[in-house]
Amino acid sequence: TGYGTINPPKRIETAAELSCILLQSTQNDMFGGQSHPDFDNDLGIFVEPTRRELMLELEELGLDKEKIETLTEARLKKRVHQAMQGVVYNLNTMHSRAGSQVPFSSINLGIPNSEDAALICEVFLLEYEKGLGKG
Numbered sequence: 006t007g008y009g010t011i012n013p014p015k016r017i018e019t020a021a022e023l024s025c026i027l028l029q030s031t032q033n034d035m036f037g038g039q040s041h042p043d044f045d046n047d048l049g050i051f052v053e054p055t056r057r058e059l060m061l062e063l064e065e066l067g068l069d070k071e072k073i074e075t076l077t078e079a080r081l082k083k084r085v086h087q088a089m090q091g092v093v094y095n096l097n098t099m100h101s102r103a104g105s106q107v108p109f110s111s112i113n114l115g116i117p118n119s120e121d122a123a124l125i126c127e128v129f130l131l132e133y134e135k136g137l138g139k140g
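What follows is the structure in C-alpha cells.
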C-alpha cells in the first residue's frame, strides 16, 4: 500500500483479504478500474499452507490418516468458501475515493494451473453467484 511491508500470508483467508485491500489501495491512488489478473493462480498457492495447518491440528487429535484427510479437505473447502465470500463482500462494500464509490475492480480467472487454483476459481464463482445476500 506504500505505507510499509508485510510478510506473505500463511492462510487463504488472509491472502484473500489482502487482495481486496490492494485493490482498494490502488483505487484510492489511481483513476479507472483496478484488476487482479490471474486471481485463481495467485491465491491458489495459499491453499496448501492452509491445508497443512488444518492437517496438523487434526493429527494432534490422534485420528487415523484417512479420517484426517477427509476432515482436512472438508474444512479446507469451508475456509476457501469463507475467503471467497469475503472477497465478494469486501469488493462490494469497501469504500474508496473518500467513500464515494467501491473499488472499480476486475477479478480475472479461469485458467487454473493447479487443483488448488481450480478450487479457488470454482468457489469464487459460486460465491459470486450468491452475491451479497440481501441485494
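In terms of our numbering, the sequence shown is residues 6 to 140.
For each residue, glycine too, the CB sits at the ideal point set by N, CA and C.
| Check | Outcome |
| --- | --- |
| Of the residues A122, P13, T55, N33, the one placed nearest Q106, counting alpha carbons only | N33 |
| Alpha carbon of F115 to alpha carbon of E71, nearest angstrom | The sequence given here has Gly at residue 115, not Phe. Going by the C-alpha atoms only, they are around 31 Å apart. |
| With 16 other Cβ atoms within 10 Å as the buried cut-off, status of A122 | buried |
| Uninterrupted beta strand (DSSP E) stretches inside the region 26-75 (no shorter than 3 residues) | 39-41 |
| Per-residue DSSP class, three states only, for S111 | strand |
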